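Participant:
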Amino acid sequence: MTQLAAALENAGISSFRFDFTGNGESEGSFEIGNYWREVDDIHSVAQHFHEANRRVMAIVGHSK
């Protein structure tokens with residue numbers, strides 16, 4: 001995802017990367033199959049950008 005973010009930046013396109021709660025460098029504890037919490041995380045990110053008068057044009061996901 002870092003390479004994709006760099007390519008988007010080079011093209012003049014803003015991007016935002018985050019880890020779901022309990023994954024990677026985020027806070028919280030990991031829970032297998034807690035998809036509703038992940039939906040809440042995505043909603044929080046989209047809401048943040050909406051409140052900042054930014055448009056979310058696409059959501060791209062990746063899992064190892």
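Per the UniProt record's numbering, the sequence shown starts with residue 1, numbered consecutively.
Glycine residues also receive a C-beta, built at the ideal position from the N, C-alpha and C atoms.
Treat the numbers as computed from the prediction; the structure is a model and nothing was measured.
(1) Note down, in chain order, each residue of its chain lying with its Cβ closer than 7 Å to the Cβ of Phe49, except the 5 sequence neighbours on either side.
(2) Assign Ser63 to one of three DSSP states: helix, strand, or coil.
(3) Less than 6 Å between C-beta atoms, sequence neighbours within five positions excluded: which residues of the same chain meet that for Ser15?
(4) Go to Ile42, then tell me how far its alpha helix (DSSP H) extends in each direction, as first and last residue.
(5) Regarding Gly61 and the ligand ZN, is the C-beta to nearest heavy atom distance less than 7 Å?
Facilitator: Inspection of the coordinates gives the following:
(1) Around Phe49: Val56.
(2) coil
(3) Ala5, Leu8
(4) 35-51
(5) Absence of the ligand ZN is noted for the structure shown, with no ligands found whatsoever.
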